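A.B. asks:
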């Protein structure tokens, strides 16, 4: 791009407004330590901060040629004691205003605006200040334009630079947007990734090469940096919103001109995409979706008939099981055995059993003991413990051989042959 003197800022602004704003993805900084260090700071930075703090409280310009004093709340029990100390150590006052009394935010510090009778005392208050308990508190002058707040700009530099080169290039590029008072580097675990916080006064103009004072250029989302001839993404209070569809600044998604031209594939209307479509499908569309799903399923069955046969076999098995249950139910119904008949049969069985016990011959007690011993012997020593015993009476678990196990699973013939050979 052209140099600063021949450069047309209208073209720069138009070019920056047409660029897509670079936004970083949400970073998880739970495990990271975020710190900062000062790359540049103007000597009048603290004075400017104090003056703007006082002007923000009264919401108007401060008294010209006045001095601002700030004391911790524990220094003086009564603020009139501070008035007395200022008059004793500096000189007579023309007037004083306790600005901290009108502050809605409870900072705790005592902020005073003092107007001295003599300019000599004003200079003394700024240079020497007053001493309270071996601590020197110097005054800050009320500067012109203190009612204009400072702006903190979060800038992300994509170019790699460090040291004095970074500072000089930044100051020369940012002078078109106001007076820079502080530049801080943001460090992640001690490493600089290009993120910076810049504090500047956007109401102060700049001087061109001819020495003429020019109005400052307005801030925008993509800030032009002349030293690198690039546009850097920035964010600040009051910045234009970013559209998360076209990634350009100046409007939101619902007002995006590019999105207004898009047509939804679902409802056919413009202004949104299928993902964010809110119109409900009609009955015709639901029927079409059902027919399409049915056609897809039929096509899959034609391509893979085994899965279709398996599904039919499962259905047939379920029907067979249901038929078996129905047959058992019919058999029980045919038996027609009532509760009274069952009780009568049980009573007859008990009577017959009692008669048999009365007619049973005498058995020697020793024989009964011998039989009990035979019955209580270790099952592992009986014939039922043999591996050749039938499965219905065997007392030992029978383990299938590898060849028998192969018949229970579906394996390749080559694998069966290897197992039988082994």
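Numbering (UniProt numbering), first residue to last: 1 to 422. All C-beta atoms in this analysis are idealised placements derived from N, C-alpha and C, irrespective of residue type, glycine included. Since this is a predicted model, take the numbers as computed values, not measurements.
(1) With C-beta atoms as the reference, is residue 181 less than 8 Å away from residue 150?
(2) My understanding is that residue 187 touches residue 282, with C-beta atoms under 8 Å, so please give their C-beta distance in whole angstroms.
(3) By a C-beta neighbour count over all protein chains shown, 10 Å radius and 16 as the cutoff for buried, is residue 18 buried or exposed?
(4) Is it the case that the Cβ atoms of residue 454 and residue 256 are separated by a distance below 8 Å?
(5) What does the alpha-carbon distance come out to for the pair residue 243 and residue 253?
(6) Since residue 115 and residue 94 should fall inside the 8 Å C-beta cutoff, what is the C-beta to C-beta distance between them, to a whole number of angstroms?
(7) Only counting the same chain, and skipping five residues up and downstream in sequence, which positions put a Cβ closer than 7 Å to that of residue 57?
(8) Between the alpha carbons of residue 266 and residue 23, how many angstroms are there, rounded?
(9) Measuring CA to CA, which of 44, 11, 9, 21 is closest to residue 239?
(10) Can you tell me the Cα-Cα spacing of residue 284 and residue 292, whole angstroms?
(11) For a test of the three-state rule: what should DSSP assign to residue 98, helix, strand or coil?
(12) Can you confirm whether the stretch 171–181 touches the stretch 211–227 when touching is taken to mean that 3 or more C-beta pairs between the two stretches lie within less than 8 Å?
(13) Along the chain, where does the alpha helix (DSSP H) containing residue 46 start, and where does it finish?
(14) If we ignore side chains and look at the alpha-carbon of each, how far apart do residue 139 and residue 126 end up?
(15) Is residue 300 helix, strand or coil when you go by DSSP?
(16) Taking only the alpha-carbon atoms, compute the straight-line gap between residue 152 and residue 34 and give it to the nearest angstrom.
(17) With distances taken from CA atoms, which of 38, 300, 10, 415 is nearest residue 164?
(18) Going straight from the alpha carbon of residue 183 to that of residue 166, what length do you get?
(19) Just the C-alpha distance for residue 197 and residue 168, rounded to the nearest angstrom, thanks.
(20) Could you tell me the alpha carbon to alpha carbon distance between residue 51 and residue 68, rounded to whole angstroms?
(21) With a threshold of 7 Å on Cβ separation, who are the neighbours of residue 118 within its own chain once the five nearest residues in sequence on each side are excluded?
(22) Does the beta-carbon distance from residue 273 to residue 260 come in below 8 Å?
(23) List, from N- to C-terminal side, the alpha helix (DSSP H) runs of 4 residues or more that fit wholly inside the stretch 225–285.
(24) Cβ atoms of residue 249 and residue 155: under 8 Å apart, would you say?
(25) Please list the terminal residues of the continuous beta strand (DSSP E) segment that includes residue 185.
(26) May I ask which residues mark the beginning and end of the alpha helix (DSSP H) holding residue 83?
(27) Jot down the residue ranges of each uninterrupted beta strand (DSSP E) in the stretch 106–150, minimum 3 residues, whole runs only, in chain order.
(28) Grab the span of the alpha helix (DSSP H) containing residue 164 for me, first residue to last.
(29) Starting from residue 70, follow the alpha helix (DSSP H) in both directions and report where the run begins and ends.
(30) Thinking just about the alpha-carbon of each residue, which of 31, 222, 76 is nearest to the one in residue 108?
(31) Taking the alpha-carbon of residue 203 as reference, which of 191, 210, 113, 219 has the nearest alpha-carbon?
(32) Counting along the chain, where does the beta strand (DSSP E) carrying residue 194 start and finish?
(33) Is the CB-CB distance between residue 82 and residue 71 below 8 Å?
(34) Determine the burial state of residue 12: buried for a count of at least 16 other Cβ atoms within 10 Å of its Cβ, exposed for fewer.
(35) Could you check if residue 199 is buried or exposed, using at least 16 other CB atoms within 10 Å of its CB as the buried criterion?
(36) List the endpoints of the continuous alpha helix (DSSP H) containing residue 24.
C.D. replies: Put simply:
(1) In the chain shown, residue 181 corresponds to position 181, counting from 1. In the chain shown, residue 150 corresponds to position 150, counting from 1. Yes, the Cβ-Cβ distance between residue 181 and residue 150 is below 8 Å.
(2) In the chain shown, the residue the question calls residue 187 occupies position 187. In the chain shown, the residue the question calls residue 282 occupies position 282. Wrong, their Cβ atoms sit about 58 Å apart, outside the cutoff.
(3) Taking the chain shown and counting its residues from 1, one reaches residue 18 at position 18. Classification of residue 18: exposed, given that the 10 Å Cβ count is below 16.
(4) No statement about residue 454 is possible, as the shown extent of the chain runs from 1 to 422 and does not include it.
(5) The residue labelled residue 243 in the question sits at position 243 within the chain shown. The residue labelled residue 253 in the question sits at position 253 within the chain shown. Cα to Cα, the separation comes out at about 5 Å.
(6) For the purposes of this step, residue 115 is taken as the residue at position 115 of the chain shown. For the purposes of this step, residue 94 is taken as the residue at position 94 of the chain shown. Yes, residue 115 and residue 94 are in contact; Cβ-Cβ is about 4 Å, under 8 Å.
(7) Along the chain shown, one-based indexing puts residue 57 at 57. Answer for residue 57: 99, 102, 103, listed in chain order.
(8) As a working mapping, residue 266 is identified with position 266 in the chain shown. As a working mapping, residue 23 is identified with position 23 in the chain shown. Cα to Cα, the separation comes out at about 30 Å.
(9) Taking the chain shown and counting its residues from 1, one reaches residue 239 at position 239. Per the Cα distances, 21.
(10) Locating residue 284 in the chain shown gives position 284, where the first residue counts as 1. Locating residue 292 in the chain shown gives position 292, where the first residue counts as 1. Between residue 284 and residue 292, the C-alpha separation is close to 12 Å.
(11) Within the chain shown, the letter at position 98 stands for residue 98. Residue 98 falls in the strand class under three-state DSSP.
(12) yes
(13) Start at 1 with the first residue of the chain shown, and residue 46 comes out as number 46. Residues 45–58.
(14) Position 139 of the chain shown, counted from the start, is the residue given in the question as residue 139. Position 126 of the chain shown, counted from the start, is the residue given in the question as residue 126. Cα to Cα, the separation comes out at about 5 Å.
(15) Sequence index remark: in the chain shown, residue 300 carries index 300 (1-based). Residue 300: helix per DSSP, three-state reduction.
(16) Working through the chain shown from its first residue, we reach residue 152 at position 152. Working through the chain shown from its first residue, we reach residue 34 at position 34. Each residue's Cα considered, the two are about 18 Å apart.
(17) Your numbering for residue 164 matches position 164 in the chain shown. Of the candidates 38, 300, 10, 415, the one whose C-alpha sits nearest the C-alpha of residue 164 is 38.
(18) Counted from its first residue, the chain shown places residue 183 at position 183. Counted from its first residue, the chain shown places residue 166 at position 166. Using only the alpha carbons, I get a separation of about 11 Å.
(19) Taking the first residue of the chain shown as 1, we reach residue 197 at position 197. Taking the first residue of the chain shown as 1, we reach residue 168 at position 168. Approximately 16 Å, taken between the alpha carbons.
(20) Locating residue 51 in the chain shown gives position 51, counting from the first residue. Locating residue 68 in the chain shown gives position 68, counting from the first residue. One C-alpha to the other measures close to 8 Å.
(21) Position 118 of the chain shown, counted from the start, is the residue given in the question as residue 118. Result list for residue 118: 91, in chain order.
(22) For the purposes of this step, residue 273 is taken as residue 273 along the chain shown, with counting starting at 1. For the purposes of this step, residue 260 is taken as residue 260 along the chain shown, with counting starting at 1. Contact flag unset, no.
(23) 257–261
(24) Counting from one through the chain shown, the residue named residue 155 turns up at place 155. Counting from one through the chain shown, the residue named residue 249 turns up at place 249. Taking 8 Å as the Cβ cut-off, residue 155 and residue 249 do not qualify as a contacting pair.
(25) Within the chain shown, the letter at position 185 stands for residue 185. Note, residue 185: beta strand (DSSP E), 179–188.
(26) If you number the chain shown from 1, residue 83 lands on position 83. First-last of the alpha helix (DSSP H) with residue 83: 79–89.
(27) 110–116, 130–132, 135–137
(28) Working through the chain shown from its first residue, we reach residue 164 at position 164. Looking at the DSSP string, the run of the alpha helix (DSSP H) that includes residue 164 is 163–174.
(29) Position 70 of the chain shown, counted from the start, is the residue given in the question as residue 70. Not the alpha helix (DSSP H): residue 70 falls in the beta strand (DSSP E), residues 67–71.
(30) By 1-based counting over the chain shown, the position of residue 108 is 108. The residue with the shortest Cα to Cα distance from residue 108 is 76.
(31) Sequence index remark: in the chain shown, residue 203 carries index 203 (1-based). Residue 219 is the option with its Cα nearest to residue 203.
(32) The residue you call residue 194 lines up with position 194 of the chain shown. Run containing residue 194: 191–201, per the beta strand (DSSP E) assignment.
(33) Residue mapping note: residue 82 aligns to position 82 of the chain shown, counting from 1. Residue mapping note: residue 71 aligns to position 71 of the chain shown, counting from 1. Yes. Within cutoff.
(34) Taking the first residue of the chain shown as position 1, residue 12 is located at position 12. With 16 or more other Cβ atoms within 10 Å, it is buried.
(35) Your numbering for residue 199 matches position 199 in the chain shown. Classification of residue 199: buried, given that the 10 Å Cβ count is 16 or more.
(36) The residue labelled residue 24 in the question sits at position 24 within the chain shown. Element bounds for residue 24: n/a, residue is neither H nor E.
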